[in-house]
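Okay, so the sequence shown: first residue is 0 according to numbering that gives the first Met the number 0, each after it adds one.
Here a beta-carbon is modelled for each residue, glycine too, at the ideal position from N, C-alpha and C.
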Amino acid sequence: MMTAQQLKNSILQRAIEGKLVEQRAEEGTTKELLKEIKLEKEKLVKEGKIKKSKALPPITEDEIPFDIPDSWEWVRLADICIKLVDGDHNPPKGEQEKTDYIMASSQNINDDTLVDLDKVRYLSKEVFDKENLRTNAEKGDIFFTSVGTLGKSCVFNGSENICFQRSVTVLSTLIFNYYLKVVLDSPEYQNMVKKRATGTAQKGFYLNQMSVSLIPIPPLSEQNRIVAKIEELMPLVDQYDKAYSQLTVLNEKFPQDMKKSILQYAIEGKLVEQRPEEGTAKELLKEIKLEKEKLVKEGKIKKSKPLPPITEDEIPFDIPDSWEWVRLIDVTTVIGDGIHGTPSYDNNGTVYFVNGNNLCDGKIVIKPDTKRVLKSEAEKHFVTLDETSFLVSINGTIGNTAFYNNEPIILGKSACYFNLLGKIDKKYIKLIVGSDYYLKYALSEATGTTIKNVSLKSMRKFPIPLPSLSEQHRIVAKIE
Numbered sequence: 000m001m002t003a004q005q006l007k008n009s010i011l012q013r014a015i016e017g018k019l020v021e022q023r024a025e026e027g028t029t030k031e032l033l034k035e036i037k038l039e040k041e042k043l044v045k046e047g048k049i050k051k052s053k054a055l056p057p058i059t060e061d062e063i064p065f066d067i068p069d070s071w072e073w074v075r076l077a078d079i080c081i082k083l084v085d086g087d088h089n090p091p092k093g094e095q096e097k098t099d100y101i102m103a104s105s106q107n108i109n110d111d112t113l114v115d116l117d118k119v120r121y122l123s124k125e126v127f128d129k130e131n132l133r134t135n136a137e138k139g140d141i142f143f144t145s146v147g148t149l150g151k152s153c154v155f156n157g158s159e160n161i162c163f164q165r166s167v168t169v170l171s172t173l174i175f176n177y178y179l180k181v182v183l184d185s186p187e188y189q190n191m192v193k194k195r196a197t198g199t200a201q202k203g204f205y206l207n208q209m210s211v212s213l214i215p216i217p218p219l220s221e222q223n224r225i226v227a228k229i230e231e232l233m234p235l236v237d238q239y240d241k242a243y244s245q246l247t248v249l250n251e252k253f254p255q256d257m258k259k260s261i262l263q264y265a266i267e268g269k270l271v272e273q274r275p276e277e278g279t280a281k282e283l284l285k286e287i288k289l290e291k292e293k294l295v296k297e298g299k300i301k302k303s304k305p306l307p308p309i310t311e312d313e314i315p316f317d318i319p320d321s322w323e324w325v326r327l328i329d330v331t332t333v334i335g336d337g338i339h340g341t342p343s344y345d346n347n348g349t350v351y352f353v354n355g356n357n358l359c360d361g362k363i364v365i366k367p368d369t370k371r372v373l374k375s376e377a378e379k380h381f382v383t384l385d386e387t388s389f390l391v392s393i394n395g396t397i398g399n400t401a402f403y404n405n406e407p408i409i410l411g412k413s414a415c416y417f418n419l420l421g422k423i424d425k426k427y428i429k430l431i432v433g434s435d436y437y438l439k440y441a442l443s444e445a446t447g448t449t450i451k452n453v454s455l456k457s458m459r460k461f462p463i464p465l466p467s468l469s470e471q472h473r474i475v476a477k478i479e
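What follows is the structure, encoded as C-alpha cells:
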C-alpha cells in the first residue's frame, strides 16, 4: 500500500508523462507553442526587457528519460524562461528592527508556500531596492530552493517585498508557471536534482545546471487542464493521507491485539479442538499428585501446605469439560524468589546477579551493567534451578519471563522462579503468564504505590486453566 507522498508522486509523474489528462487535437501542438515563445522572446530582447540568452546544446536521445505524447516536446528550461536567476551570493547584513522589506533563503520555502517569515533578514528600502534588481520577484514567479535544502518550490502570490540569498532560484516562463511547478515537483525532476547536485558541505543545483535541465511541455491549454486536474486530486490525496495515518496506527496496534486475542483463545480451550483419546486434566492431576508424593518421599522436595479449593469467584472464564482449574503451586515443586538483600559484587566474578529486568520474552538477558559475583558468593544464595525452571518478574515491571538454560546466575528479589512438574509443558505456562489474564491477576494482587510487588503467596495461589499434556503441546505448536 502506497503512502500519501507516493500517491502524490505517482500523480505528478503521470501528469508530466501526458497520462493524467487526454490530449485534444484542437488544442494544437507544443511545436506551435515553441514558435510563439521564440517570437515573444525576440520581441522582449528587442525592447530591452530581457537579455538575449546563449544558445543551448541540442537535446540528444540519450538524455530523454521517458516517452511523451506526439503533441508534446522536450525543451531545455532556459528556452522557455524570461527569468532564471539566483539570489545574492554576498548578502548584506539585515536590519535589527523589522521592516517591510525582507531577504529570504531556502529555509523560508516549503512546498507551495513561503514559511517562517519571521526568520528572515530585514532590509532598509534603499538596500532592498538594490538587491531586488537581481531577482525582481513578481506575482506568478516560481521560487525554487537550489542550495542546501534542494527542490522545494512555490509560486509567488505577490504579497511581500522579497528578495533572496543565493540558495533560492527565481524563475518566470512563457508557459503556465503552475505547470512548470508540477514538473519541478515531480519525482523525475527531484531525483535528477539530487543526483546532479554538487558540493561538499552544502549540495547545490546551480543556474548552469538548471538552465539545461529537460522539461516535457504540452500545449498551453493542456498545461492548464493538467494543473486543474491536480488541484482537483490533491484534496483527495490529503484525505487519503489521513486515512493512511489511521490505518498505520491500526496496523501497528493490530498484531499486538491479535496476539492477545490468540493467547486468550488458547487458555480458554478455543484454539485447538479437544480429543477424547488424549485424556482429561483430572487424570493428569492424579499423575501429578503421585509424582509430587514420590519426590517428597525421596526427600527431593518439601511437602507444600495445601491451599483452599478454587472458588467460583476466582474463575474468570469458562474452560472445556476436559480441563481443570488448578493453582500454580499444584503443578510446581517449588515457588520462590531471589535475594532480598545485596550480594557482594565482584567485577572478576563469573556469576551474574539477575533481576526481573533481565528477563525478556523467554530469555535471560545479560546486560553490560549486570552485576557479577564470585562463585563462593553465589553458593551462599543457591537455589535449585534446572531445565524445568521458569522465571517471571514480580517487582517493578510485572510479567517479564524467561526459561532457565543453565546460565551462571543468582536471582534478585524481583525475579520469581518456579520449577514445574514433568507433566507440564513450560511453554504452555509461558503462554498463560504472557496473557492479559495473568497481567490483570498480578496487578490486582500487587501491593505498593510507586513500585508494584506481587507476593509469592499470590503466585502460589494463581489459578491456571489446565488441559491434558498432549493438548498443552498442541496449543503451544499452534501458537508458534
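* What beta strand (DSSP E) runs, 3 residues minimum, are completely inside the segment 46-116? -> 72-75, 80-85, 100-103
* Which residue or residues does DSSP assign as beta-bridge partners of Leu-410? -> Val-353
* For Pro-464, does the three-state DSSP call read helix, strand or coil? -> strand
* Asked: What residue range is occupied by the uninterrupted beta strand (DSSP E) comprising Leu-390?
  -> 388-392
* To do: Thinking Ser-212 and Val-146 are a contact (beta carbons under 8 Å), I'd like their distance in whole angstroms, please.
  => Wrong, their Cβ atoms sit about 16 Å apart, outside the cutoff.
* Out of Glu-376, Val-382, Met-458, Lys-291, state which residue places its alpha-carbon closest to the alpha-carbon of Leu-420. => Lys-291
* **Reduced DSSP category for Thr-247 - H, G, I as helix; E, B as strand; rest coil** => helix
* Can you name, in chain order, every residue of its own chain whose Cβ lies under 7 Å from the Cβ of Glu-26, other than the five neighbours on each side? -> Pro-218, Ser-220, Glu-221
* **Pick from Val-182, Ala-196, Thr-134 that is closest to Leu-170, judged by C-alpha positions** => Thr-134
* Taking Val-248 and Leu-6 to be in contact with their CB atoms under 8 Å, please state how far apart those CB atoms are, rounded to whole angstroms. => Not a contact, Cβ separation roughly 18 Å.
* To do: Output the distance between the C-alpha atoms of Ser-443 and Glu-378, rounded to the nearest integer angstrom.
  => 35 Å
* To do: Tell me whether the beta-carbon of Val-119 lies closer than 8 Å to the beta-carbon of Asn-107.
  => yes
* **Three-way DSSP call (helix, strand, coil) for Lys-258 in this model** => helix
* CA-CA distance, Met-257 and Tyr-264? -> 10 Å
* **Residues near Gly-337 by beta carbon distance below 6 Å, same chain, minus five either side** => Leu-410, Gly-411, Lys-412, Ala-414
* **Closest residue to Val-20 among Lys-269, Val-226, Asp-435, Leu-465 (Cα-Cα distance)** => Val-226
* Find out if the Cβ-Cβ distance for the pair Gly-433, Thr-400 is shorter than 8 Å. => yes
* To do: Report the rounded CA-to-CA distance for Lys-30 versus Glu-96, giving the unit in angstroms.
  => 52 Å
* Hey, how far is the Cα of Asp-360 from the Cα of Ser-388? -> 15 Å
* Ala-401, DSSP secondary structure in three states -> strand
* Asked: Taking C-beta to C-beta, are Ile-15 and Pro-215 nearer than 8 Å?
  -> yes
* To do: Report back the beta-carbon spacing between Ser-158 and Lys-180 to the nearest angstrom; my notes put them in contact at under 8 Å.
  => With a Cβ gap of about 18 Å, Ser-158 and Lys-180 do not count as contacting.
* To do: Could you pull the start and end residues of the beta strand (DSSP E) that Phe-481 belongs to?
  => The chain is shown from 0 up to 479; residue 481 falls before or after that span and cannot be answered.
* To do: Could you check if Glu-260 is buried or exposed, using at least 16 other CB atoms within 10 Å of its CB as the buried criterion?
  => The sequence given here places Ser at residue 260; Glu does not occur at that position. Classification for Ser-260: exposed.
* **Ala-24, buried or exposed, once every other Cβ within 10 Å from all chains shown has been counted against 16** => exposed
* State the Cα-Cα distance for the pair Ile-58 and Trp-73, rounded to the nearest angstrom. => 8 Å
* Asked: Taking the alpha carbon of Ile-363 as the point to measure from, which residue in Thr-383, His-380, His-339, Val-391 has its own alpha carbon closest?
  -> Val-391
* **Contacting residues, own chain, Cβ-Cβ under 7 Å from Asp-424 (five flanking each side not counted)** => Leu-468, Gln-471, His-472, Val-475
* Asked: Using DSSP with H/G/I as helix, E/B as strand and the rest coil, what is Tyr-188?
  -> helix
* To do: Please classify Leu-306: does DSSP put it in a helix, a strand, or coil?
  => coil
* Just reading off the beta strand (DSSP E) that Thr-172 is part of, what are its end residues? -> 167-172
* Beta-carbon separation (whole angstroms), Leu-455 vs Gly-335, contact threshold 8 Å -> 7 Å
* For Thr-332, which option in Ser-375, Tyr-416, Lys-269, Phe-381 has the closest C-alpha, if you only look at C-alpha atoms? -> Tyr-416
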